[in-house]
Amino acid sequence: MSHPTGPIWDAIGGISRFAALATMAELRCADELAAGPLSTEELAARCGAHAPSLRRVLRELASMGVVRPVGEDRFELTEHGHTMRSDVPDSVRSAVRMIAEKGFWYAMGNLPTTVRQGRSAFAEKFGPLYRYLADNPDSSRIFDDYMTARATPFARAVAERYDFSAARTMVDVAGGKGHILAEVLRANPRLRGILFDLEHVVPAAAEFMRSQGLEDRCEVVSGDFFREVPQDGDVYLLASILHNWDDADGIRILRNVRSAMARDGRLLVLEMVLPDEDVPHVGKDMDMRMLAIFDGGTERTRAEYSVLLEKSGFTLAQVIPLTAGAGLIEALPH
Ligand SMILES: C[S@@+](CC[C@H](N)C(=O)[O-])C[C@H]1O[C@@H](n2cnc3c(N)ncnc32)[C@H](O)[C@@H]1O
Numbered sequence: 029m030s031h032p033t034g035p036i037w038d039a040i041g042g043i044s045r046f047a048a049l050a051t052m053a054e055l056r057c058a059d060e061l062a063a064g065p066l067s068t069e070e071l072a073a074r075c076g077a078h079a080p081s082l083r084r085v086l087r088e089l090a091s092m093g094v095v096r097p098v099g100e101d102r103f104e105l106t107e108h109g110h111t112m113r114s115d116v117p118d119s120v121r122s123a124v125r126m127i128a129e130k131g132f133w134y135a136m137g138n139l140p141t142t143v144r145q146g147r148s149a150f151a152e153k154f155g156p157l158y159r160y161l162a163d164n165p166d167s168s169r170i171f172d173d174y175m176t177a178r179a180t181p182f183a184r185a186v187a188e189r190y191d192f193s194a195a196r197t198m199v200d201v202a203g204g205k206g207h208i209l210a211e212v213l214r215a216n217p218r219l220r221g222i223l224f225d226l227e228h229v230v231p232a233a234a235e236f237m238r239s240q241g242l243e244d245r246c247e248v249v250s251g252d253f254f255r256e257v258p259q260d261g262d263v264y265l266l267a268s269i270l271h272n273w274d275d276a277d278g279i280r281i282l283r284n285v286r287s288a289m290a291r292d293g294r295l296l297v298l299e300m301v302l303p304d305e306d307v308p309h310v311g312k313d314m315d316m317r318m319l320a321i322f323d324g325g326t327e328r329t330r331a332e333y334s335v336l337l338e339k340s341g342f343t344l345a346q347v348i349p350l351t352a353g354a355g356l357i358e359a360l361p362h
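Below, the structure written as C-alpha cells:
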C-alpha cells in the first residue's frame with residue numbers, strides 16, 4: 029500500500045512537471061527536436077534558451093518520458109514528446125500553453141481566494157474571461173488554438189456518432205472557429221451551417237471556413253447569445269458553452285435557442301458529463317478550472333443537465349458518450 033501522503037506529494041510534484049512541460053511548449057523545444065536528436069547546446073541556441081537551465085528542464089522531461097537521452101548530453105523526442113509539437117494532428121502544445129497562460133495560472137493560484145469569497149479571483153482582477161480574451165489578442169490566440177485542439181477529437185466523434193441525415197441547417201451556437209461544424213458539414217454534404225459567435229471571434233471563423241472550402245455552405249454570424257441566436261435551424265449545437273455559466277445564465281442561453289429553433293428542432297449539448305460516483309474523472313479537473321475562472325461556471329452530472337434542460341423548455345432524450353469524458357446530450361423541445 030502506498031504511503032498516505034503519496035497522492036499529495038504526487039500532486040505537488042505535478043506542478044514542477046507541468047512547469048517543465050510549459051517551458052518546453054513556450055520555447056518550442058518539441059518543434060526543434062522533431063527532425064531528430066540535438067545536444068542541449070544546439071537546442072538552447074535554437075530555442076533562445078540558457079543551456080545550463082534548459083539541461084535541468086530536459087532532465088525533468090526525460091524522467092517523465094517526454095524526451096530521452098541519446099548519448100552524452102543529447103536528447104530526442106519520445107512518442108509522448110512528439111505530441112508536444114505544434115504541427116501534429118493531436119498536438120497538446122496549445123493545451124499546455126493555455127493552462128500556463130498568465131491569467132489561467134493566476135486563476136488556479138488564487139483558487140483558495142475564489143473558494144473563500146465565492147467569486148472568481150480571476151474575474152475580479154481581469155474581468156469576465158471572454159472580455160479578457162477580447163482585450164488580450166495573444167491570450168486569445170492561445171485560447172483559440174487550445175479550443176481547436178480540444179474540439180478536434182470531439183468533432184470527429186460528433187460527426188461519426190450522431191445521425192444528421194434528416195437535418196437541413198445546423199446552428200453552431202458560440203462555435204468558436206467552427207471546427208466541430210466543419211467536420212459535421214464535411215460528413216454530411218447536404219447539410220448547411222450557421223456559425224454564431226462574438227464579434228471579435230467571427231473573422232477567424234470566416235477565414236477558417238474559407239480555408240476548408242465550406243464558405244458556400246456556412247454562414248458566419250456575430251452576436252450575443254444572451255440577446256438572441258440565429259433563427260430556424262433544425263439542429264442547434266452548444267459545445268463547451270453551458271459549463272461556463274451558472275444555471276440562471278445557462279437557462280437564458282437555452283431559452284433563446286428554444287425560441288429560435290424550428291418546431292421539429294433538436295438541441296445537442298456537448299459537455300463533460302460528470303459521473304455520480306466518487307471516481308477520478310477529467311471533468312472534475314476541468315471543473316476546478318471553471319470554478320477558478322468563471323463566476324458560476326460549473327461541470328454538471330446527467331441529472332443536473334436534465335433539470336437545466338427541463339427548466340428551459342427541453343427534455344433530455346439521450347446522452348451519447350464521446351471521447352475523453354465528454355458526452356453528446358440530445359434534447360427535444362417540449
Ligand atoms: C469554450 S468556447 C467553445 C467554442 C466551441 N463551441 C468549441 O467547442 O470549440 C466558448 C465560446 O463562447 C463564445 N461566447 C462567449 N460569450 C458569448 C456570447 N455572449 N455570445 C456568443 N458567443 C459567446 C466565445 O467566444 C467562445 O468561442
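Numbering (our numbering), first residue to last: 29 to 362. Ideal placement from N, C-alpha and C gives every residue a C-beta, glycine not left out. The structure displayed is predicted, hence computed values, not measured ones.
Straight across, the Cα-Cα distance linking residue 293 with residue 282 is about 13 Å. Contact check between the segment 196-212 and the segment 259-269: three or more CB pairs, one atom from each, fall below 8 Å, which counts as touching.
By the Cβ criterion, the segment 86-101 is not in contact with the segment 132-147, since fewer than three pairs of Cβ atoms, one from each stretch, lie closer than 8 Å.
Secondary structure note for residue 250: its beta strand (DSSP E) is the uninterrupted segment 246-250. With a 10 Å radius around the Cβ and a threshold of 16 neighbouring Cβ atoms, residue 142 comes out buried. With a cut-off of 8 Å on Cβ pairs, the segment 297-307 is not in contact with the segment 234-250, counting fewer than three such pairs.
Under a 10 Å Cβ-count criterion, residue 322 is classified as buried, with 16 or more other Cβ atoms of the shown protein chains found around its own Cβ.
Here the segment 56-63 lies against the segment 103-111, with 3 or more beta-carbon pairs under 8 Å apart. Annotated as distal: residue 201 and residue 254, with beta-carbon spacing of 8 Å or more. Taken in chain order, the complete alpha helix (DSSP H) segments of 4 or more residues contained in the segment 43-96 are 57-61, 68-75 and 79-91. Short of 6 Å from the beta carbon of residue 55, and not among the five residues preceding or following it, lie these beta carbons of its own chain, in chain order: 75 and 77. For residue 171, the three-state secondary structure derived from DSSP is helix. One alpha carbon belongs to residue 35, the other to residue 192, and they sit about 44 Å apart. Annotation: the continuous beta strand (DSSP E) that includes residue 103 extends over 102-105. In the DSSP assignment, residue 240 falls outside any alpha helix (DSSP H) and carries neither an H nor an E.
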